[in-house]
Every structure is written in structure tokens, then in C-alpha cells.
Amino acid sequence: AQSVAQPEDQVNVAEGNPLTVKCTYSVSGNPYLFWYVQYPNRGLQFLLKYITGDNLVKGSYGFEAEFNKSQTSFHLKKPSALVSDSALYFCAVRPDSSYKLIFGSGTRLLVRP
Amino acid sequence: DTAVSQTPKYLVTQMGNDKSIKCEQNLGHDTMYWYKQDSKKFLKIMFSYNNKELIINETVPNRFSPKSPDKAHLNLHINSLELGDSAVYFCASSPRPPGLAGGDTQYFGPGTRLTVL
Chain A
626 AQSVAQPEDQ VNVAEGNPLT VKCTYSVSGN PYLFWYVQYP NRGLQFLLKY
676 ITGDNLVKGS YGFEAEFNKS QTSFHLKKPS ALVSDSALYF CAVRPDSSYK
726 LIFGSGTRLL VRP
Chain B
12 DTAVSQTPKY LVTQMGNDKS IKCEQNLGHD TMYWYKQDSK KFLKIMFSYN
62 NKELIINETV PNRFSPKSPD KAHLNLHINS LELGDSAVYF CASSPRPPGL
112 AGGDTQYFGP GTRLTVL
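For the protein sequence lines, the chains are A and B, in the order given. The first sequence runs contiguously to residue 738 in the working numbering. The second sequence runs contiguously to residue 128 in the working numbering.
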């Protein structure tokens with residue numbers, strides 16, 4: 626079955642510290658990988674995507690993610706967290722054989738001042 | 012200037028009623044989607060249309076029927092509402108279907124919170 630796992634329900638970091646939000650996937654064929662962010666009572670916003678090419682992808686608001694094929698992972702990172710980064714983060718995968726975007730269960734990021 | 016808009020924002024209704032949620036995008040996109048987000052924040056695709064043609068039709072109760080009068084609008088009609096239909100429904104759009112240039116970035120509306128009593 627094609628799936629995405631976000632093993633942490635919540636990640637807590639102090640402002641100014643680096644953050645990592647984990648994501649692993651299971652698909653057949655080539656994966657197209659995405660991160661979206663959801664602020665309270667809002668729709669999802671696109672952060673970044675990996676389609677092909679360089680394994681390190683840079684996105685909006687200083688976020689980046691690294692595609693690791695051997696570990697089937699696509700962890701989201703930021704060198705220095707801001708309180709305003711506090712939100713719900715979704716990893717998603719689209720198998721290359723499908724139109725469908727499959728979302729993980731989401732990870733709540735809480736950045737303490 | 013809202014890119015993807017949904018109406019209503021909140022919808023409270025009784026079991027057994029029929030209701031519709033409307034979605035409009037002014038981005039000139041060809042492809043639109045409906046997602047359901049349950050109380051645990053789990054997000055799942057329901058339907059997708061490309062230029063008024065259905066391209067994704069997930070296994071959802073046939074009480075749910077999408078309608079796309081033109082490529083800028085995708086409405087969701089729900090018959091005989093049940094308690095389990097309570098969720099937030101998100102509309103989204105992309106320039107083209109996934110896999111084509113620009114098609115893999117989706118733009119989401121603000122959501123419609125449906126509560127069935």
C-alpha cells in the first residue's frame with residue numbers, strides 16, 4: 626500500500642534552534658514528495674517539493690527538505706526556528722503512476738519563545 | 012483577491028438534510044480538488060476535476076456528488092447527511108493535473124467546517 630508516515634504527533638523546539646520534522650514514505654515507482662503547512666483555521670499552504678534532481682530542496686520561509694532514497698525519507702528542516710513557524714505540517718507523496726496526493730497524519734510544530 | 016474561495020465557511024445542519032458547498036478559484040487553473048479533513052486532522056482526497064472532467068474519484072459514499080459547471084468552479088453536494096460527515100472540507104486547485112508542468116503544486120481554500128447534529 627502507498628503511504629506516508631509522520632512518526633511524531635508534535636515537535637517542540639526553542640526559538641532560534643534548528644528544527645526537524647520527520648517523514649517517511651512507501652510507494653511503488655518514483656515518488657514526488659511535498660511539504661505543506663496549515664495555520665489554525667486556514668487551508669494548507671505549499672512549502673516545497675521534490676520532483677527530481679538535487680536531493681536538497683529549498684522552499685518558502687527558510688525551510689528545506691532532503692530526499693533520501695535509501696531511507697525513503699523526506700525530512701523537513703530549518704536552521705533557526707521562529708515562533709511564527711508554529712503550525713501543523715503535512716508531508717505528502719504522489720506516486721508517479723497516480724494523480725492522487727497521499728498525505729501523512731500531520732505533525733504539530735510548537736516553537737517556544 | 013482571494014485565490015481559492017469556499018462558501019459557506021461554517022455549516023451546521025441536521026442529520027438527513029441535503030447540503031452543498033461551493034468552491035471558486037480565480038487563478039485560471041484547469042484542475043480542482045475536494046479533500047476531507049477529519050477531527051484528527053487526517054486529510055484525504057475525495058474528487059478531482061480537470062477542465063470539468065472527473066479524473067479522481069475516491070471511494071466515498073455516493074451521497075457525495077461533485078459538480079463542475081466550469082473549470083473555475085467545483086461544488087460538492089451531500090445528500091442525507093450523517094454524523095460521520097462532520098469534518099472540514101477543503102477545495103484546492105492546480106494549474107494542470109499532477110504530473111504536468113506546474114500541476115504538482117496545489118492551492119487550498121480556507122475550508123468549510125461541516126457539523127452534522
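C-beta: ideal position from N, C-alpha, C; glycine also.
Just to check my reading of the structure: residue i and residue j have Cβ atoms closer than 8 Å, yes? What is that Cβ distance to the nearest angstrom?
{"i": "B/Trp-45", "j": "B/Tyr-100", "result": "6 Å"}
{"i": "B/Pro-19", "j": "A/Arg-667", "result": "B/Pro-19 to A/Arg-667, Cβ: 16 Å. No contact."}
{"i": "A/Lys-702", "j": "A/Glu-689", "result": "5 Å"}
{"i": "A/Gly-684", "j": "A/Trp-660", "result": "7 Å"}
Indicate whether residue i and residue j have their beta-carbon atoms separated by less than 9 Å.
{"i": "A/Ala-639", "j": "A/Arg-737", "result": "yes"}
{"i": "B/Phe-58", "j": "B/Pro-80", "result": "no"}
{"i": "A/Asp-721", "j": "A/Gly-654", "result": "yes"}
{"i": "B/Ile-56", "j": "B/Thr-123", "result": "no"}
{"i": "B/Arg-74", "j": "B/Leu-85", "result": "no"}
{"i": "B/Val-127", "j": "B/Leu-87", "result": "no"}
Applying the criterion that 16 or more other CB atoms from any shown protein chain within 10 Å of the CB defines a buried residue, is residue i buried or exposed?
{"i": "A/Asn-693", "result": "exposed"}
{"i": "B/Glu-64", "result": "exposed"}
{"i": "B/Lys-47", "result": "buried"}
{"i": "A/Val-739", "result": "No statement about residue 739 of chain A is possible, as the shown extent of chain A runs from 626 to 738 and does not include it."}
{"i": "B/Asp-29", "result": "exposed"}
{"i": "A/Ser-705", "result": "exposed"}
Could you check whether the Cβ of residue i sits closer than 9 Å to any Cβ belonging to chain A?
{"i": "B/Ile-32", "result": "no"}
Looking at the secondary structure, which residues open and close the beta strand (DSSP E) in which residue i lies?
{"i": "A/Phe-715", "result": "712-720"}
{"i": "A/Tyr-675", "result": "669-675"}
{"i": "A/Lys-694", "result": "Note, A/Lys-694: premise wrong, no beta strand (DSSP E); not H, not E."}
{"i": "A/Ser-651", "result": "649-651"}
{"i": "B/Leu-85", "result": "84-89"}
{"i": "B/Glu-35", "result": "30-36"}
{"i": "B/His-40", "result": "Unbroken run through B/His-40: none, as it is neither H nor E."}
{"i": "A/Asn-655", "result": "Unbroken run through A/Asn-655: none, as it is neither H nor E."}
Using a Cβ-Cβ distance cut-off of 9 Å, determine whether residue i contacts chain B.
{"i": "A/Ser-685", "result": "no"}
{"i": "A/Tyr-650", "result": "no"}
{"i": "A/Pro-669", "result": "Note on identity: in this sequence residue 669 of chain A is Leu, with Pro being the wrong assignment. Chain B, which has a Cβ nearer than 9 Å to the Cβ of A/Leu-669, makes this yes."}
{"i": "A/Lys-703", "result": "no"}
{"i": "A/Ser-730", "result": "yes"}
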